[in-house]
Amino acid sequence: MYRFKNMYGDEVPTNTKCQASRHGGASMDEGEQYIVDSPYYYNRQTDVYVTFLRSVGGKPITVSGDTHRAMKEAYSNMVGGGATINEISRNFQFPRAWFDEYRRLHGWTHDMDPYTDEEIEDFEVEDLVDDLVLRQRRSLHIAYEKRKWKDIQTDADKWRTFEDTVMEQFKHQVSKAQKVPKLKMRKHDEPYALVVSPTDFHWGKFGWEDETGETYNFEEAEKRLMSKTEELVARLPYQPEKIILATGSDWFHVDNDAGGTTRGTPMGTSSCSSPAEILITGCELAKRHIDLLRQVAPVDVVFMAGNHDRFSALTLALYLRASYEGVDDCEVHMTVKTRHYHPYGNTLIGFTHGDTVKQLRLPSLMAQEQWEAWGEHQHKVWFSGHFHHQSVKEDGGATCIILPSLAANDRWHARMGYKSQAGLSGHFIDKEKGLIGSMFCPVLDD
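Just add 175 to wherever you are in the sequence shown, counting from 1, and you've got our numbering.
This is the structure:
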């Protein structure tokens, strides 16, 4: 029987095999005999590397050329990312102790190039440079795919967390609306719609009286909303045909789990409340507010998402649509657009928060976006918020109204010196004559 003599002087039978052959290696043909002084031997005919390892008793292991070159590339920092010994062992199913000795015998380091000595001998330098560029491009693509899937996994984890916490609580809060008692009010031959919008309500906002001059928290916000709505209803001259309620529009003070606005600006919240608490209790309050208005007349709910709560307002819309599905006296008009159009009688009404388009551009936008309805309706009215104060202007064939806010100042607004009269307004849209009047219920100090 022919025998190997390895670099350690040990004679090894040629038919010795080991687990490394599962990588595609091949044992030497019988009849061949080599006296080997090097720690490894490369067989060009079979493209196999035969390496003598003390960790396997000085016996030879055979590794295919493809596997050998792939391991070297993976271990190299130049294109493979510099895989660790553990990563190589795991990815190539190579025992750790074997690979640790294997890479030292072959002289591999992380700083090496990815080519074997045989490749450098066989190829021109220019060919190797071109190949290296292609390998780097491939590594870039692989890294990109890993990052993309990592981001997808992160988003998925966030969504699962949201489902397990907020959504599970949220689902339990959604219940079908019940019938409400109807107020007996004087009727009139000329029907009108009442437009109400507690825009810039900022549920969850906090103001400390010693710092801002007035208190604003959950209790105060709910008190202002419900009491001023009741005051407005009590002052109505007669029963409206319907109430158009514009909500969203910074109904919530924050829009994410970190307690920031849609763009991420951090906000001070009521008593350090959880954003989940703000979302859930804010939806419940909006429903109670609608039920109060339903006692007066059927309610059409429209949305104009704000810069504080663009996504939370969408959640509110979904909540209210589910709550009032199939309810005769409440219709929820859901949209993801920043401008919403709602015709009533002879009037085309537009709603928008007011942070995306300047007020004087709104009439021309209405004419462009609703050109057919613009021609069919004699009167045009825009309602917006965002600025926390009242304003009425006529321009370009439309009346543009900025609505007031019920909210008090927080620390930032107080320091900046912003001050306006808080309150709730109602506007009367006659079915034929258009905007015929308005009413304002201010928030006054007790």
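Don't be surprised by glycine CBs; every beta carbon is placed ideally from N, CA and C.
These numbers come from a predicted model, not from an experiment.
Distance CB(residue i)-CB(residue j) smaller than 8 angstroms
i: HIS554; j: LEU467; result: no
i: PRO373; j: LEU411; result: no
i: GLN414; j: ALA368; result: no
i: TRP283; j: LYS247; result: yes
i: HIS515; j: PHE478; result: yes
i: LEU407; j: LEU578; result: no
i: TYR250; j: ARG278; result: yes
i: THR437; j: HIS483; result: yes
i: VAL474; j: ILE418; result: yes
i: VAL254; j: PRO289; result: yes
i: VAL476; j: HIS508; result: yes
i: LEU454; j: THR510; result: no
i: ASP425; j: GLY388; result: no
Host beta strand (DSSP E) of residue i (start-end)
i: VAL511; result: Looking at the DSSP string, VAL511 is not in any beta strand (DSSP E), and its letter there is neither H nor E.
i: LYS568; result: 566-570
i: LEU619; result: Here LEU619 belongs to no beta strand (DSSP E), and DSSP marks it neither H nor E.
i: PHE526; result: 522-527
i: SER559; result: 554-559
i: ASN261; result: Segment 260-267 is the alpha helix (DSSP H) holding ASN261; no beta strand (DSSP E) there.
i: LYS417; result: 417-423
i: PHE603; result: 598-605
i: PHE562; result: Taken as a continuous stretch (DSSP letters only), PHE562 belongs to no beta strand (DSSP E), as it is neither H nor E.
i: VAL477; result: 474-479
i: ALA573; result: 573-577
i: ASN218; result: 215-218
i: TYR413; result: Here TYR413 belongs to no beta strand (DSSP E), and DSSP marks it neither H nor E.
For residue j and residue i, believed in contact at Cβ under 8 angstroms, the rounded distance
i: TRP378; j: GLY457; result: 4 angstroms
i: ASN252; j: HIS285; result: 5 angstroms
i: THR574; j: HIS552; result: Wrong, their Cβ atoms sit about 13 angstroms apart, outside the cutoff.
i: GLY571; j: PRO538; result: 3 angstroms
Residue i at chain C interface by Cβ criterion, 8 angstroms
i: ASP475; result: Of the protein chains in the structure, only one exists, and it is not chain C.
CA-to-CA distance, residue j to residue i, given in whole angstroms
i: VAL532; j: GLY560; result: 12 angstroms
i: HIS563; j: GLU262; result: 59 angstroms
i: GLY601; j: HIS428; result: 23 angstroms
i: ASP430; j: HIS528; result: 15 angstroms
i: LEU495; j: ALA488; result: 10 angstroms
i: GLN565; j: PHE558; result: 11 angstroms
i: LYS234; j: PHE227; result: 5 angstroms
i: THR390; j: PHE376; result: 14 angstroms
i: GLY501; j: LEU535; result: 38 angstroms
i: MET614; j: VAL371; result: 10 angstroms
i: LYS325; j: ASP297; result: 39 angstroms
i: ALA542; j: GLN328; result: 45 angstroms
i: GLY434; j: LEU420; result: 27 angstroms
i: LEU581; j: ASP605; result: 26 angstroms
i: CYS505; j: GLU544; result: 27 angstroms
i: GLY423; j: HIS363; result: 31 angstroms
i: ASP245; j: GLU276; result: A small correction: the amino acid at residue 245 is Ala; Asp does not occupy that position in the sequence shown. The straight-line gap from Cα to Cα measures roughly 17 angstroms.
i: ALA492; j: GLU397; result: 19 angstroms
i: GLY550; j: TYR519; result: 14 angstroms
i: GLU569; j: ILE576; result: 9 angstroms
i: ASP503; j: ASP620; result: 39 angstroms
i: VAL223; j: GLY439; result: 58 angstroms
i: ALA497; j: PHE486; result: 17 angstroms
i: TYR499; j: LYS354; result: 11 angstroms
i: LYS608; j: THR404; result: 25 angstroms
i: ARG229; j: THR259; result: 21 angstroms
Residue from the options whose Cα sits closest to the Cα of residue i
i: PHE603; options: GLU262, PHE526 and GLU416; result: GLU416
i: GLN596; options: MET360, GLU607 and ASN584; result: ASN584
i: ASP432; options: SER424, ALA451 and ARG438; result: ALA451
i: TYR646; options: THR291, ALA480 and ASP530; result: Given a span of 176 to 621 for the chain in the structure shown, any question on residue 646 remains unanswerable.
i: ASP241; options: PHE267, PRO214 and THR387; result: PHE267
i: MET360; options: GLY612, GLN470 and VAL476; result: GLN470
i: VAL567; options: HIS243, LEU540, ALA409 and GLY612; result: GLY612
i: ARG219; options: THR237, SER230, LEU460 and VAL231; result: THR237
i: SER449; options: THR510, GLU405 and LYS380; result: LYS380
i: ALA352; options: GLU394, GLU386, ARG322 and ARG463; result: ARG463
i: VAL231; options: ARG271, ARG322, PRO366 and PHE486; result: ARG271
i: LEU460; options: ARG485, PHE486, GLU394 and ILE260; result: GLU394
Delimiting residues of the alpha helix (DSSP H) encompassing residue i
i: ASP484; result: Counting along the chain, ASP484 falls outside any alpha helix (DSSP H), and DSSP gives it neither H nor E.
i: TYR224; result: Premise fails: TYR224 lies in the beta strand (DSSP E), 223-228, not in any alpha helix (DSSP H).
i: VAL408; result: 393-409
i: TRP378; result: It is not in any alpha helix (DSSP H) - TRP378 carries neither H nor E in the DSSP assignment.
i: HIS243; result: 240-250
i: THR456; result: 450-469
i: TRP283; result: Counting along the chain, TRP283 falls outside any alpha helix (DSSP H), and DSSP gives it neither H nor E.
i: GLY625; result: The displayed coordinates of the chain run from 176 to 621. Any statement about residue 625 would go beyond what the structure contains.
i: ASP297; result: 292-297
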